[in-house]
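Chains as they are written, first to last, in my numbering: chain A, 24 to 527; chain B, 3 to 453.
Beta carbons are placed, not taken as given, at the ideal position from N, Cα and C, and that holds for glycine.
If you're wondering where the values come from, they're calculated on a predicted model, not measured in any experiment.
These notes concern the structure reproduced below.
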Amino acid sequence: MIDVLVIGAGVTGSAIARELSRRQRNVVVLERGLDVCEGTTKANSGIVHAGHDAKPGSMKAKMNVRGSEMMEELSKELDFPYRRNTSLVIGFSDEDGKTLEDLLEQGKENGVKGLEIISGDEARVKEPDLSDKVTCALLCPTGGIVDPFLLNIALAENANTNGVEFRFGQEVTDIKKSGDHFTVTAVDVSAEKTEAAPDNNSGEGIGSEGYGSNAFTTTYEARAVVNAAGVYADVFHNMVSENKLKITARRGEYLLMDRKTQGFVNATIFQCPTKMGKGVLVTPTTHGNLLIGPTSVDIDDKECTATTADGLDTVLEKAGLSAEHIPTRQVITSFAGLRAHEAGGDFILSEADDCQGFFDAAGIESPGLTASPAIGEYMAELINEKYPAPVNKSFDGHRVGIPCMSTASAEERKALVRKNPLYANVVCRCELVTEGEIVDAINRPLGAKTLDGIKRRVRAGMGRCQAGFCTPKQMDILARELGIDQGDIVKSEPGAHMLEGRTK
Amino acid sequence: MTADRKAKIVIIGGGPAGLAAASSAVKNGTAAEDILIIERDHVLGGILNQCIHNGFGLHTFNEELTGPEYAQRFINIVEEEKVPFLLDTIVVDVSAGSTKIISVMNKTDGFFTIAADAVILAMGCRERPRGALNIPGYRPAGIYTAGTAQRFVNIEGRMPGHEVVILGSGDIGLIMARRMTLEGAKVKVVAELMPYSGGLKRNIVQCLDDFGIPLKLSHTVIDIKGKERVEAVTIAEVGPDRKPVPGTEETYTCDTLLLSCGLIPENELSSQLGVEMNRVTSGPVVNESLETSVPGVFACGNVLHVHDLVDYVSEEATAAGKCAAKYVNAGQWSEVYRTDAESAGKPASETDKHAADIPIEIIARDGVRYTVPSTIHIDRMEDLQKIRFRVGAVYRDASVVIDFNDKVFRSQKKRILAPGEMEQVILKKSDLEAAPDLKTITIRIEEAPKD
Chain A
24 MIDVLVIGAG VTGSAIAREL SRRQRNVVVL ERGLDVCEGT TKANSGIVHA GHDAKPGSMK
84 AKMNVRGSEM MEELSKELDF PYRRNTSLVI GFSDEDGKTL EDLLEQGKEN GVKGLEIISG
144 DEARVKEPDL SDKVTCALLC PTGGIVDPFL LNIALAENAN TNGVEFRFGQ EVTDIKKSGD
204 HFTVTAVDVS AEKTEAAPDN NSGEGIGSEG YGSNAFTTTY EARAVVNAAG VYADVFHNMV
264 SENKLKITAR RGEYLLMDRK TQGFVNATIF QCPTKMGKGV LVTPTTHGNL LIGPTSVDID
324 DKECTATTAD GLDTVLEKAG LSAEHIPTRQ VITSFAGLRA HEAGGDFILS EADDCQGFFD
384 AAGIESPGLT ASPAIGEYMA ELINEKYPAP VNKSFDGHRV GIPCMSTASA EERKALVRKN
444 PLYANVVCRC ELVTEGEIVD AINRPLGAKT LDGIKRRVRA GMGRCQAGFC TPKQMDILAR
504 ELGIDQGDIV KSEPGAHMLE GRTK
Chain B
3 MTADRKAKIV IIGGGPAGLA AASSAVKNGT AAEDILIIER DHVLGGILNQ CIHNGFGLHT
63 FNEELTGPEY AQRFINIVEE EKVPFLLDTI VVDVSAGSTK IISVMNKTDG FFTIAADAVI
123 LAMGCRERPR GALNIPGYRP AGIYTAGTAQ RFVNIEGRMP GHEVVILGSG DIGLIMARRM
183 TLEGAKVKVV AELMPYSGGL KRNIVQCLDD FGIPLKLSHT VIDIKGKERV EAVTIAEVGP
243 DRKPVPGTEE TYTCDTLLLS CGLIPENELS SQLGVEMNRV TSGPVVNESL ETSVPGVFAC
303 GNVLHVHDLV DYVSEEATAA GKCAAKYVNA GQWSEVYRTD AESAGKPASE TDKHAADIPI
363 EIIARDGVRY TVPSTIHIDR MEDLQKIRFR VGAVYRDASV VIDFNDKVFR SQKKRILAPG
423 EMEQVILKKS DLEAAPDLKT ITIRIEEAPK D
């Protein structure tokens with residue numbers, strides 16, 4: 024029997040899993056993708072919000088402020104990139120000025136420290152590339168930026184080293200409550216399906232570890248279930264509860280620019296928020312790229328991460344209001360992400376009232392990334408109260424990340440290369456990522472199994488040529504380290520094969 | 003800063019440009035052991051190694067060679083002359099000064115620095131990726147630049163896919179249309195945003211026409227379908243504003259989208275050096291000696307401007323190698339070209355200084371997008387100086403006009419001028435010397451009068 028089964032290995036599920044591993048219990052995380060960070064977490068702004076946007080008293084407000092407070096310490100403990108770069112919410116009119124006053128008050132009520140309204144000129148002293156039309160700004164010294172991939176990966180890796188089991192390619196298809204436990208059925212979506220394959224559920228019996236399986240279906244038995252399934256959280260919640268949730272995928276499109284643009288802005292520049300969100304922002308990333316976006320459009324399809332011509336045009340146009348001379352010639356990629364917007368507008372962090380033992384972490388849209396460490400802490404407390412377990416004395420919250428040759432000093436580089444010559448063999452020239460780093464990414468706990476998995480861990484292929492030169496080399500290394508054929512390598516999702524056979 | 007090693011000329015890049023520059027530097031008096039070629043791949047030859055088609059060397063060797071054969075001719079010279087080279091070695095950092103410090107690393111020697119008197123930039127170029135084109139749609143597997151696909155097919159023996167749409171009619175895309183077809187794939191269409199092809203005419207004939215592959219000019223990709231692997235690509239006609247025209251959409255089912263939408267010189271190291279860049283070529287601004295704005299740093303090949311034929315790369319690199327050799331053999335430029343007055347220990351007169359320091363500016367105008375070089379010091383130029391350029395549109399029966407100080411010096415009729423083909427004019431040193439107070443040379447296109 025599994026003590027706690029977590030659905031979803033995004034940043035929320037991973038943060039909860041890590042907190043759960045502080046107690047002695049059997050925790051399993053089921054993830055549909057082949058890696059962590061495959062849903063909402065992989066496509067967002069990477070912002071650590073100060074916390075002035077959420078309504079006072081809401082879960083969003085509480086979790087945001089707490090998450091923002093936790094982030095710096097956590098970034099040291101788990102070794103992921105985080106920087107308190109401050110943020111500015113800019114206004115273009117007296118009306119915007121009033122909105123900023125309201126935000127300031129709201130922020131104070133939420134417990135955000137250091138908020139201050141400054142003039143347009145003062146804002147331009149801090150950010151010379153800001154538009155001349157900016158008349159006022161809310162300065163938020165606690166605003167920051169984080170690498171969303173590495174935050175997620177670090178939380179999951181650390182959960183894993185503390186005993187949490189992660190099972191990938193597991194798409195949950197059914198959840199049933201029977202007596203004091205749940206029976207959760209998942210289909211293996213990583214397996215190549217053939218017509219001859221069986222599709223019934225007549226698997227082996229359930230073993231002592233809490234699950235049994237046949238070719239494609241696995242059944243899990245768990246005392247408690249945590250629903251951290253992003254845009255699908257309503258689907259799973261509604262399987263066990265009559266109090267239905269409705270989660271809408273709210274798409275946001277982005278454009279990312281070359282690291283050459285580093286220094287265009289140093290702070291994160293927001294526009295005044297609307298009811299659809301915080302508007303289009305202009306921000307540096309922790310790695311020195313410039314990111315603009317997102318749009319905000321509700322869509323019916325929970326899978327639709329396609330960008331659109333209109334969406335990308337909107338981003339360019341709106342970002343251009345904040346700063347007129349955005350170096351759009353330096354765009355290296357565009358992408359779209361889906362926010363998990365719940366109709367009530369707040370995070371749902373609670374046990375379902377008509378299904379004991381089923382815990383929702385649902386409706387986790389912005390500021391979900393910021394809030395994730397706090398959500399993990401909060402959800403673990405809920406579960407600990409209900410299902411007490413002795414403290415896990417061997418819990419170690421520290422993680423050491425993969426060395427980074429591109430940011431290392433000459434002395435550090437020499438030392439690393441002495442330790443392992445593969446750190447001197449550059450594979451991705453644009454981001455200066457070496458074979459040693461890629462091998463590390465593959466062989467770590469919960470290591471990379473896909474090209475995107477390597478990219479998110481060490482940035483290979485994330486630069487200006489977008490993996491044009493290094494794709495074949497990365498595939499060579501991935502095939503060698505995993506002992507598989509290059510033909511079986513996927514970009515990210517099951518079925519996303521890079522190659523289609525051999526030449527004549 | 004003390005460096006771990008020393009060289010007179012460090013050549014960054016062991017492709018066709020770097021190899022020709024090395025061989026030329028040796029011919030022009032630099033000892034082979036004073037040169038060092040740094041190559042990031044595990045073999046010399048650069049991208050030619052994956053260009054297994056023929057058509058290389060017609061100008062240089064008067065015969066048709068494959069890419070690897072062409073490269074081998076130059077590798078042979080470098081090996082016979084015993085020019086040192088480092089393979090699998092990446093340049094991490096370069097800093098300028100009278101001595102250049104190049105930080106490199108590789109698996110065998112680790113991280114170390116090299117001090118050099120001169121540097122020749124020969125890093126080549128990269129392909130413009132999908133992201134830089136702002137093509138909307140999903141981001142599935144199956145979208146490759148043509149060069150990446152070429153490497154998979156020709157080096158790895160793997161097929162990127164079987165049903166192919168190609169966006170862009172650059173030469174690598176055209177070559178890959180034929181290559182994929184020969185390997186049994188179905189190339190459904192080549193879409194080109196511009197109203198003309200960016201590739202060589204001979205490649206359109208031999209790679210598309212001969213295989214019945216349609217080329218749709220003024221078309222672009224407006225959507226990519228397929229979440230895991232490419233399933234379909236929608237193309238549409240574009241108007242004069244290059245925006246898609248509603249109602250012209252056509253969807254092609256396919257598993258692969260290849261991109262051949264332009265090449266970008268790889269000048270990240272040049273930027274580190276503080277080299278002045280040309281916004282049109284995305285390469286360094288150079289003078290007649292192919293020297294950049296940083297003294298002692300030279301550039302040639304596709305890092306300088308994207309060439310159509312490798313033969314011209316070799317020719318240009320040969321010139322760069324010669325100039326670098328002159329520079330290091332004498333110590334520095336001021337030694338090579340200092341005026342008589344200066345070498346006699348007296349301050350140079352204003353006129354002498356003027357002649358030495360203020361070069362003639364070459365202006366590209368009226369359809370000429372850029373020129374390489376963009377300045378000429380008369381005293382440093384060879385008897386004949388090639389000026390290479392590209393035009394911005396297709397011209398028929400137009401004239402290439404050269405103005406000296408705004409007055410027509412020469413006009414030459416051309417049956418056809420196209421953006422895909424590099425053009426050149428040759429200037430004689432004696433003509434420049436004879437022109438009174440020459441400050442600017444303009445290269446422009448004069449269209450044929452319409453009848």
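Check this for me: beta carbons of residue i and residue j, under 7 Å apart or not?
i: V166 (chain B); j: T258 (chain B); result: yes
i: L50 (chain B); j: P18 (chain B); result: yes
i: T330 (chain A); j: A290 (chain A); result: no
i: Q52 (chain B); j: N205 (chain B); result: no
i: L138 (chain A); j: A146 (chain A); result: no
i: A385 (chain A); j: L268 (chain A); result: yes
i: F382 (chain A); j: E388 (chain A); result: no
By the 10 Å Cβ neighbour count, where 16 or more other Cβ atoms means buried, how is residue i classified, buried or exposed?
i: Q414 (chain B); result: exposed
i: V12 (chain B); result: buried
i: L53 (chain A); result: buried
i: A27 (chain B); result: buried
i: S273 (chain B); result: exposed
i: R273 (chain A); result: buried
i: D439 (chain B); result: exposed
i: L60 (chain B); result: exposed
i: G117 (chain A); result: Reading off the sequence, residue 117 (chain A) comes out as Asp, not Gly. D117 (chain A) should be labelled exposed.
i: Q379 (chain A); result: exposed
i: T217 (chain A); result: Bear in mind that the predicted position of T217 (chain A) carries a pLDDT of just 43, short of 50, making it too unreliable to give a figure here.
i: N223 (chain A); result: Its pLDDT being 44, under 50, N223 (chain A) is placed unreliably in this model, and the value from its coordinates should be taken loosely. Exposed, by the Cβ-count rule.
i: I507 (chain A); result: exposed
i: I443 (chain B); result: buried
Taking 6 Å as the cut-off, is the CB of residue i close to at least one heavy atom of the ligand PLP?
i: F114 (chain B); result: Annotation note on the ligand PLP: not contained in the displayed structure, which lists no ligands.
Could you spell out where the beta strand (DSSP E) holding residue i opens and where it closes?
i: C325 (chain B); result: Run containing C325 (chain B): none in the beta strand (DSSP E); it sits in the alpha helix (DSSP H), V312 to A332.
i: V299 (chain B); result: V299 to A301
i: V189 (chain B); result: K188 to E194
Provide the residue span of the alpha helix (DSSP H) that contains residue i, from first to last.
i: R75 (chain B); result: G69 to E82
i: G391 (chain A); result: G391 to K409
i: F370 (chain A); result: Counting along the chain, F370 (chain A) falls outside any alpha helix (DSSP H), and DSSP gives it neither H nor E.
i: K415 (chain B); result: From DSSP, K415 (chain B) is part of no alpha helix (DSSP H) but of the beta strand (DSSP E) over K409 to L419.
i: D528 (chain A); result: In the structure as shown, chain A starts at 24 and stops at 527, and residue 528 (chain A) therefore has no counterpart that could be examined.
i: Q129 (chain A); result: D117 to N133
i: M280 (chain A); result: Where M280 (chain A) is concerned, there is no enclosing alpha helix (DSSP H), although the beta strand (DSSP E) it sits in stretches over I270 to M280.
Judging by CA-CA distance, which residue of the options is the nearest neighbour of residue i?
i: L451 (chain A); options: A:I477, A:S91 and A:E194; result: Reading off the sequence, residue 451 (chain A) comes out as Cys, not Leu. Comparing Cα positions, the closest option is A:I477.
i: K190 (chain B); options: B:T236, B:Y329 and B:A22; result: B:T236
i: M280 (chain A); options: A:P296, A:L314 and A:Q294; result: A:L314
i: D368 (chain B); options: B:P70, B:I362 and B:A400; result: B:A400
i: A502 (chain A); options: A:G74, A:I465 and A:G253; result: A:I465
i: L38 (chain B); options: B:K10, B:E435 and B:D111; result: B:K10
i: L89 (chain B); options: B:E41, B:L219 and B:I365; result: B:E41
i: D111 (chain B); options: B:I266, B:K409, B:R281 and B:R7; result: B:R7
i: Y140 (chain B); options: A:E516, A:T526 and A:E523; result: A:E516
i: P159 (chain B); options: A:G510, A:G518, A:T473 and A:H520; result: Sequence check: residue 159 (chain B) is Gly here, not Pro. Out of A:G510, A:G518, A:T473 and A:H520, A:G510 has the C-alpha closest to the C-alpha of G159 (chain B).
i: G398 (chain A); options: A:V27, A:D26 and A:T35; result: Reading off the sequence shown, one finds Ile at residue 398 (chain A), where the question assumed Gly. Ranking the options by Cα distance to I398 (chain A), first place goes to A:T35.
i: N175 (chain A); options: A:G192, A:K283, A:D377 and A:Y105; result: A:Y105
i: F58 (chain B); options: B:I145, B:D173 and B:N30; result: B:D173
i: N1 (chain B); options: A:E194, A:T351, A:L304 and A:T494; result: Shown here, chain B extends from 3 to 453; a query on residue 1 (chain B) therefore has no answer.
i: L348 (chain A); options: A:S91, A:F239 and A:P151; result: The sequence as given places His at residue 348 (chain A); Leu does not occur at that position. Among A:S91, A:F239 and A:P151, the Cα nearest to that of H348 (chain A) is on A:P151.
Touching or not, the stretch 150-159 of chain A and the stretch 91-100 of chain A, by the rule of three or more beta carbon pairs under 8 Å? no
Flag this pair as touching only if the stretch 408-421 of chain A and the stretch 42-57 of chain A have three or more C-beta atom pairs under 8 Å; answer yes or no. yes
Meets three-Cβ-pair contact criterion under 8 Å: the stretch 177-184 of chain A and the stretch 111-125 of chain A: no
With a threshold of 8 Å, are at least 3 pairs of Cβ atoms found where one atom belongs to the stretch 284-296 of chain B and the other to the stretch 179-199 of chain B? no
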